[in-house]
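As structure tokens, the structure follows; a few thoughts come after it.
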Amino acid sequence: MGFGSYFGVALLCWVLASAASSDPWGFPSRNSGMWRLRGDSSGSQPWARVDLSQLRALSPRPAVAVRCQEGQLAVTVRRDLFGTGRPVRAAELSLGTASCPPLSPNAAQTFVTFVAALHECGSTLQVTPDSLIYRTTLFYKPTRSGNPLIVRATPAEVPIECHYPRRSNVSSGAVHPTWAPFRSTVAAEERLRFSLRLMDDEWSRERLSNGFQLGDSLRFQADVTSEGHVPLRLFVDQCVATTTPDRSSSPRYAFIDLGGCLVDSRAEDTGSTFVSPRPRPESLRFLVDAFKFAGDTGNLLYISCHLRVSPAAEAPNSRNKACSFSKASGLWAPLEGTAAICSCCDTGSCPSPAGDSREFRAPAARMGRRVRRDSPGQRGEVSGLTEADVSVGPLLILEPAQGLTSPSGSLGSAGNTPQGAAGGIPVVIQGLLLTAATLLSLTALGMLLWLCRKRLCPLGMSQ
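Mapped onto mature numbering (1 follows the signal peptide of the UniProt record, and there is no 0), the consecutive letters of the sequence shown carry residue numbers -22 to -1, 1 to 441.
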């Protein structure tokens, strides 16, 4: 064998190794996130966020595509939902908690399409200082097989969000301002805007991902903004976690209750607390250790909180309080005010913030029931200019063994493309490809060493 033959063998091994370690089909790498951001997320145009973590699709093609349009959203679902070559039936797919059906499908089509107004199909709305966020869920509910003892498919949920910037005009038409009467202008100036956000570890900005592991801390910041209003102080009366957007669904866990008692801080081995000091009276921060419901395999949490304001000049009391349990002292401690205002957190006899004769139920009595409130506002909207219900979610809570796919608890984001989201290649396959490339390289090296021992090495390679 001449030098050209040996060089050809080495070149062939190098080509095979490069091909095995490359990704010609554009498969997402191991660090690709489960969350995909699609569209223009710069803040000037609406954009969509889709969570495909439950699908675990084997195909690199997009399984779900979402377009956030003016007044409606369009969802396109590939019938080969899991990339296995077995299409799902259109009747097994529905949109939102109202189970809206898809458009009349053609049996020959490889996709199913949903079109719904933003407020339809049980969607929810969250109002933040910068965005209007409409949330809904695509449900896959497979029909049972003829044999009730076996299951060939498992249900899946695909949470969908449409983000609309509040500081831009979503439509293509120009905005023509008009003068409003003085009375309307005053009412607009006195309107309050409530928001609830997940923050990063430094509390410096909103968290870009909703993915967490058990053991992480959920950092919430509640805010109220207004113009031309008297100084206000914000309180969180109640926060409830559920597995669906319906805050009254079961299972449910009220980790803040009794009009401002962070009851989760009472549990052992938790660091849940209200953060002191406040950044300003109109803001309230609190930490809650990540958790999930026992026996729940969905890994998703929805957080709904009731926010309320009081005049900043009014001293905190048992109705207006933010109390955490101190493990060091074994006592409830208020964020502001005297310790006496938190004494009802243990007894469950805290008075209603409304000031009437109703009282919050004790923890044992309130399980499975939501505290009734007078005329609660919609999520993010104002009820009586002093309170509102706001929500965050879904949060993806994984066990440490499952792991997240990108640093700092972030599930990452894909590049800006018009729509959709794709699944990823299994890590096992990537490992096999890399192993094969390594073995090929070692084989080539062994052949060269063997030839050298036989004194057949090309010139310059013998020892």
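For every residue, glycine included, the Cβ atom is placed at its ideal position computed from N, Cα and C.
Which residues in the same chain as residue i place their Cβ atom closer than 7 Å to its Cβ, once the five residues preceding and following it in sequence are excluded?
{"i": "arginine 144", "result": "Asp108, Ser109, Leu110"}
{"i": "arginine 286", "result": "Phe213, Asp215, Pro331, Thr364, Glu365"}
{"i": "serine 243", "result": "Ser250, Thr251, Ser302, Phe303"}
{"i": "glycine 271", "result": "Here residue 271 turns out to be phenylalanine, not glycine, going by the sequence shown. Thr221, Pro229, listed in sequence order."}
{"i": "aspartate 267", "result": "Ser195, Thr248, Gly249, Ser250"}
{"i": "valine 93", "result": "Gln50, Ala52, Leu81"}
{"i": "arginine 57", "result": "Pro65, Val66, Thr88, Phe89, Val90"}
{"i": "glycine 424", "result": "none"}
To which residues of the same chain is residue i closer than 8 Å at the C-beta, ignoring the five residues directly before and after it?
{"i": "glycine 49", "result": "Ala95, Leu96"}
{"i": "glutamine 47", "result": "Pro24"}
{"i": "glutamate 98", "result": "Gly74, Ala76, Cys78"}
{"i": "serine 254", "result": "Leu313"}
{"i": "isoleucine 319", "result": "Pro294, Asn295, Ser296, Lys299, Cys301, Pro312"}
{"i": "proline 378", "result": "Gln191, Leu192, Gly193"}
{"i": "glutamate 135", "result": "Gln32, Thr115, Leu116, Phe117, Tyr118, Gly276, Leu278"}
Please name the residue in the options whose C-alpha comes closest to that of residue i.
{"i": "alanine 69", "options": "Thr91, Ile319, Leu376, Arg45", "result": "Thr91"}
{"i": "valine 28", "options": "Thr115, Thr248, Ser77", "result": "Thr115"}
{"i": "threonine 221", "options": "Cys46, Leu374, Arg57", "result": "Leu374"}
{"i": "phenylalanine 60", "options": "Cys46, Thr88, Cys140", "result": "Thr88"}
{"i": "alanine 43", "options": "Pro137, Trp181, Pro79", "result": "Pro137"}
{"i": "residue 509", "options": "Thr421, Glu260, Ser307, Pro80", "result": "Outside the displayed span of the chain (-22 to 441) sits residue 509, for which this structure offers no information."}
{"i": "proline 120", "options": "Ser226, Arg67, Val55", "result": "Arg67"}
{"i": "glutamine 191", "options": "Gly238, Asn277, Asp201", "result": "Asn277"}
{"i": "leucine 262", "options": "Leu210, Arg45, Leu412, Gly189", "result": "Leu210"}
{"i": "arginine 256", "options": "Ala200, Thr416, Thr316, His284", "result": "Ala200"}
{"i": "proline 133", "options": "Glu292, Thr275, Ala245, Leu376", "result": "Thr275"}
{"i": "threonine 62", "options": "Thr106, Leu176, Ala41", "result": "Ala41"}
{"i": "phenylalanine 269", "options": "Ala317, Ser288, Gly189, Thr203", "result": "Gly189"}
With 16 other CB atoms within 10 Å as the buried threshold, where does residue i fall?
{"i": "leucine 382", "result": "Confidence at leucine 382 is low in this model, with a pLDDT of 48, below 50, so its placement is unreliable and no value can be given for it."}
{"i": "tryptophan 310", "result": "buried"}
{"i": "alanine 26", "result": "buried"}
{"i": "alanine 343", "result": "Its pLDDT being 32, under 50, alanine 343 is placed unreliably in this model, and the value from its coordinates should be taken loosely. So alanine 343 counts as exposed."}
{"i": "leucine 170", "result": "buried"}
{"i": "asparagine 84", "result": "exposed"}
{"i": "serine 386", "result": "Residue confidence is low: serine 386 scores 36 on pLDDT, short of 50, so the model does not pin down where it sits. No coordinate-derived value is stated."}
{"i": "valine 208", "result": "exposed"}
{"i": "leucine 71", "result": "buried"}
{"i": "valine 427", "result": "For the record, residue 427 in the displayed sequence is leucine; it is not valine. Under this definition leucine 427 is an exposed residue."}
{"i": "glutamate 139", "result": "buried"}
{"i": "aspartate 367", "result": "buried"}
{"i": "serine 31", "result": "buried"}
{"i": "proline 273", "result": "Per the sequence shown, residue 273 should be read as glycine rather than proline. Exposed is the call here."}
{"i": "aspartate 179", "result": "exposed"}
{"i": "alanine 290", "result": "exposed"}
{"i": "serine 187", "result": "buried"}
{"i": "leucine 420", "result": "exposed"}
{"i": "leucine 376", "result": "buried"}
{"i": "glutamate 292", "result": "exposed"}
What residues in its chain sit with their C-beta under 6 Å from that of residue i, if we drop five residues either side in the sequence?
{"i": "glutamate 314", "result": "Pro294"}
{"i": "tyrosine 280", "result": "Thr220, Pro223, Gly371, Pro372"}
{"i": "phenylalanine 198", "result": "Phe264"}
{"i": "glycine 100", "result": "Gly74, Thr75, Ala76"}
{"i": "cysteine 239", "result": "Cys301, Cys323"}
{"i": "aspartate 235", "result": "Gln216, Val241"}
{"i": "leucine 174", "result": "Ala200, Cys283, Val368, Val370"}
{"i": "tyrosine 231", "result": "Ala219"}
Look up residue i in the DSSP assignment and give the residues it is bridged to.
{"i": "cysteine 301", "result": "Cys239, Pro312"}
{"i": "cysteine 140", "result": "Ala26, Tyr112"}
{"i": "phenylalanine 117", "result": "Ser72, Glu135"}
{"i": "isoleucine 234", "result": "Cys217"}
{"i": "glycine 189", "result": "Leu374"}
{"i": "serine 195", "result": "Asp267"}
{"i": "cysteine 322", "result": "Beta-bridge pairing links cysteine 322 to no other residue."}
{"i": "alanine 52", "result": "Arg45, Val93"}
{"i": "glutamine 104", "result": "Ile111"}
{"i": "arginine 286", "result": "Phe213, Glu365"}
{"i": "arginine 175", "result": "Gln199"}
{"i": "threonine 251", "result": "Leu265"}
{"i": "cysteine 78", "result": "Leu73"}
Counting only beta-carbon separations shorter than 9 Å, does residue i have a partner in chain B?
{"i": "glycine 326", "result": "This model lacks chain B altogether; it includes just one protein chain."}
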